[in-house]
Amino acid sequence: MKLLRYGPAGQEKPGLLDAEGRIRDLSGHLADLGPDALGREALARLKAIDPASLPAVDGSARLGTPVANVGKFIAIGLNFADHAAESNLPVPKEPIVFTKAISSLSGPNDDVMLPKDSVKSDWEVELGIVIGTRASYVEEAQALDHVAGYCLVNDVSEREYQIERGGTWDKGKGCDTFGPVGPWLVTSDEVGDPQSLDMWLDLNGRRMQTGNTRTMIFTCAQIVAYVSRFMTLMPGDVITTGTPPGVGMGMKPDPVFLKAGDVMTLGIEKLGEQRQDVTAWRRREG
Numbered sequence: 001m002k003l004l005r006y007g008p009a010g011q012e013k014p015g016l017l018d019a020e021g022r023i024r025d026l027s028g029h030l031a032d033l034g035p036d037a038l039g040r041e042a043l044a045r046l047k048a049i050d051p052a053s054l055p056a057v058d059g060s061a062r063l064g065t066p067v068a069n070v071g072k073f074i075a076i077g078l079n080f081a082d083h084a085a086e087s088n089l090p091v092p093k094e095p096i097v098f099t100k101a102i103s104s105l106s107g108p109n110d111d112v113m114l115p116k117d118s119v120k121s122d123w124e125v126e127l128g129i130v131i132g133t134r135a136s137y138v139e140e141a142q143a144l145d146h147v148a149g150y151c152l153v154n155d156v157s158e159r160e161y162q163i164e165r166g167g168t169w170d171k172g173k174g175c176d177t178f179g180p181v182g183p184w185l186v187t188s189d190e191v192g193d194p195q196s197l198d199m200w201l202d203l204n205g206r207r208m209q210t211g212n213t214r215t216m217i218f219t220c221a222q223i224v225a226y227v228s229r230f231m232t233l234m235p236g237d238v239i240t241t242g243t244p245p246g247v248g249m250g251m252k253p254d255p256v257f258l259k260a261g262d263v264m265t266l267g268i269e270k271l272g273e274q275r276q277d278v279t280a281w282r283r284r285e286g
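Going by full-length UniProt numbering, the sequence shown opens with residue 1, and the numbers climb by one from there.
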């Protein structure tokens, strides 16, 4: 299944994408696509619904993040060897774990707003893992049993804040709008092997990133098992798993960073596409 949430920000309703690519309204069956909708039994109930029996939704509807009430937004750094090389950093011996603020979450096609005084904002196409059942000290062989599905993430990053301002990476990763997720949560059964997915990102129509999840240093199963040793993963938690080469910071001879008016488009095989207009900083409402 391709599960989604549609509607104005803060007023999203649950839905799914049918085989013809039409949005169908699920609000007659559940209040929202939150953590309690992601377990095996809950997903089985949704899968049993005939999409044709659900009301169709205007295809121009805004899409929000595909999961409501995300508890943790965890990220893995330098998880592609060639990205580590372009960053002039060693290949990690263990996964590098950091957090993106929940307040950075946004819909897949919402604007990306540059932070105030930003000078080095950058892009990163990534595979996201959505946890479906509680995971604590799980073994690698069972790790993917705890996954509800996968999604597309743009791990937008302010490199000056991340690298040059001291402390941890978090301050360059959690800015408002720096976590576009979606368009859909695609359930594990539909994705199949998460380690064989093509991924790409364009900036203003120019291909910047091309990769495949098969070249991840640490696999999805390894990541879930590893992170579950340091924190209990709960339904609805999202883990974004690293980016292939081609980020702006690594451009030669001169780095390229985002500016107002830029357009990012990105996608992952089976998981859909995103499009974001880059805007200057403005105070967010709400």
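Virtual Cβ for every residue (Gly too), placed ideally from N, Cα, C.
Subject >> Among Lys2, Asp82 and Asn109, the one whose alpha carbon lies nearest that of Gly15 >> reply: Lys2
Subject >> Reduced DSSP category for Met216 - H, G, I as helix; E, B as strand; rest coil >> reply: Per DSSP, reduced to three states, the secondary structure at Met216 is strand.
**OP:** Report the rounded CA-to-CA distance for Gly64 versus Gly107, giving the unit in angstroms.
**Re:** 4 Å
Subject >> 8 Å CB neighbourhood of Pro8 in its chain, flanking five on each side removed >> reply: Hits under 8 Å: Arg62.
Original post:
Three-state secondary structure (DSSP) at Val224?
Top reply: For Val224, the three-state secondary structure derived from DSSP is helix.
Subject >> Pro35 in three-state terms, based on DSSP >> reply: helix
Original post:
Grouping DSSP H, G and I as helix and E and B as strand, with all else coil, what is Val209?
Top reply: The sequence shown places Gln at residue 209, not Val. In the structure shown, Gln209 sits in a strand (DSSP, three-state: E or B).
Original post:
Should Tyr6 be counted as a contact of the ligand SAM given a C-beta to heavy atom distance under 8 Å?
Top reply: Because no ligand of any kind appears in the structure shown, any question about the ligand SAM cannot be addressed here.
**OP:** Tell whether a beta-carbon distance below 9 Å holds between Arg134 and Thr232.
**Re:** yes
**OP:** Give a yes or no on whether the C-beta atoms belonging to Lys100 and Tyr161 are separated by under 9 Å.
**Re:** At least 9 Å separates the beta-carbon of Lys100 from that of Tyr161.
**OP:** Specify the secondary structure class of Leu266 as computed by DSSP and reduced to three states.
**Re:** strand
Original post:
To the nearest angstrom, how far is it from the Cα of His146 to the Cα of Pro255?
Top reply: 39 Å
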